[in-house]
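Asks:
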Amino acid sequence: MLESISERKPYGVEEFLSPRNLEHADAAVVEIFNLMFGFDIEAVEVPGIDPTAPGQDDRTAIVGFSGAMRGSCQVRMGTPPAQAIASAMLGGTPVAEDDDSIDDALGELCNMLAGGWKNSIPGLSSECALSPPTVISGRDYKVHTCKPSEILLRAYRFDIHTFLLTLCREETGRPQGNVV
324 MLESISERKP
334 YGVEEFLSPR
344 NLEHADAAVV
354 EIFNLMFGFD
364 IEAVEVPGID
374 PTAPGQDDRT
384 AIVGFSGAMR
394 GSCQVRMGTP
404 PAQAIASAML
414 GGTPVAEDDD
424 SIDDALGELC
434 NMLAGGWKNS
444 IPGLSSECAL
454 SPPTVISGRD
464 YKVHTCKPSE
474 ILLRAYRFDI
484 HTFLLTLCRE
494 ETGRPQGNVV
């Protein structure tokens, strides 16, 4: 018998904000950057990060979550790190600043990170779907998330580049448990 949507156990705030969840995100990032790109990567502290603040010439890839958790995975970086990732995906071929493959690579990176994180969590692995990636680029844009929501933000460094990973869990307002 198929489980109805109202019977699914949502991925709660406590689990989402736990240190173990951040370990899942770190593991997904390290695995993907090591295996796919051959980059050593580390989490770094960057005080005063505001992921909603407009940047200069930034790119943000977004993949949505639905099902046991509603929210998004966002990867935000400048053009040079995005070029480095696109080049690595293309086997080391240099990529021009305006090449469309940069946005394709950033979207695919976000998709891999969202899927890697989601699949490491038993309650989300099969009960949470991913949207296709969307990539935004330009200057002075702001990404808005639904309110209320919980945010996990982490900065990472590879080579001389940094980027931000944001996991967002939206509050659905759906009653908990079975509805009669």
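Residues in the sequence shown are numbered from 324 upward in steps of one, following my numbering.
The C-beta atom is built at its ideal place from N, Cα and C for all residues, glycine as well.
Just so we're clear, the structure is a prediction, and the values are computed from it rather than from any experiment.
Which same chain residues, not among the five before or five after S389, have their C-beta less than 6 Å away from its C-beta?
Replies: One-based indexing of the sequence shown puts residue 389 at position 66. So the list reads A452, once near-sequence residues are dropped.
Asks: Can you tell me which of N442, G361, D363 and F481 puts its alpha carbon nearest to the alpha carbon of M392?
Replies: Translated into the one-based positions of the sequence shown, residue 392 becomes position 69. Here the closest residue by C-alpha is N442.
Asks: Would DSSP call T402 helix, strand or coil?
Replies: Working through the sequence shown from its first residue, we reach residue 402 at position 79. The answer is helix: DSSP assigns T402 an H, G or I state.
Asks: Tell me whether Y334 is buried or exposed, calling it buried when 16 or more other Cβ atoms sit within 10 Å of its Cβ.
Replies: Indexing the sequence shown from 1 puts residue 334 at position 11. Result: buried.
Asks: How about E431 and P456: do their beta carbons lie closer than 9 Å?
Replies: Position 108 of the sequence shown, counting from 1, holds the residue named residue 431. Position 133 of the sequence shown, counting from 1, holds the residue named residue 456. Yes, Cβ-Cβ distance for E431 and P456 is below 9 Å.
Asks: Of the residues D381, L345, S395 and M400, which one's Cα is nearest the Cα of R492?
Replies: On the sequence shown, position 169 is the one that residue 492 refers to. The option with the nearest alpha carbon to R492 is S395.
Asks: Can you look up E420 in the DSSP assignment and give me helix, strand or coil?
Replies: Position 97 of the sequence shown, counted from the first residue, corresponds to residue 420. Three-state result, E420: coil.
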